[in-house]
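S.K.: First the structure, which I've put down as structure tokens, then a few questions once you've had a look.
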Amino acid sequence: MVWGHHIAFSNPGGPFGHASEGEFGNTSDYRNPIITSKLVEKGYIQRLGRGIRRVRQLLAKNGNSPLEAETDGFTRVIVRTKT
């Protein structure tokens with residue numbers, strides 16, 4: 001959803017496997033490692049486990065508020081506009 005002051009992403013399900021809810025964006029694990037490996041092989045994924053960390057770094061560099069994430073069985077991520 002796009003709002004005037006933020007963008008919100010939501011996805012059913014929470015972090016999987018080794019990526020416990022308290023470690024969102026710090027640890028990666030994959031529900032289907034075969035599909036994941038094929039996506040890497042075909043170049044659709046640059047590097048595994050990089051996305052959330054990269055978003056956090058770019059938001060800080062741009063002067064935005066930190067990424068907001070809730071993982072209570074349903075993942076919600078909010079990116080606020082720069083004020």
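In terms of full-length UniProt numbering, the sequence shown has 33 at position 33, counting the first letter as 1, and numbering is strictly consecutive. C-beta: ideal position from N, C-alpha, C; glycine also.
Within a Cβ cutoff of 8 Å, which residues of the same chain sit near glycine 14, ignoring the five residues on either side of it in sequence?
M.R.: Glu21, Thr71, Asp72, Gly73, Phe74, Thr75
S.K.: For threonine 36, which residues of its own chain have a beta-carbon under 6 Å away from its beta-carbon, when the five flanking residues on both sides are left out?
M.R.: Tyr30
S.K.: Sort Lys38, Lys42, Gly17, Val77 by Cα distance to valine 55 and report the nearest one.
M.R.: Val77
S.K.: Short of 8 Å in beta carbon distance, which residues of its chain neighbour leucine 59, apart from the five on each side in sequence? Order them along the chain.
M.R.: Ser65, Pro66, Leu67, Val79
S.K.: Sorted by chain position, which residues of the same chain lie with C-beta nearer than 6 Å to isoleucine 7's C-beta, five sequence neighbours on each side aside?
M.R.: Val79
S.K.: To which residues does DSSP link glycine 51 through a beta bridge?
M.R.: BP columns for glycine 51 are empty, so no partner.
S.K.: So, for isoleucine 17: in the same chain, excluding its five sequence neighbours on each side, which residues have a beta-carbon less than 7 Å away from its beta-carbon?
M.R.: The amino acid occupying residue 17 in the given sequence is glycine; isoleucine does not appear at that position. Here the set comprises Asp29.
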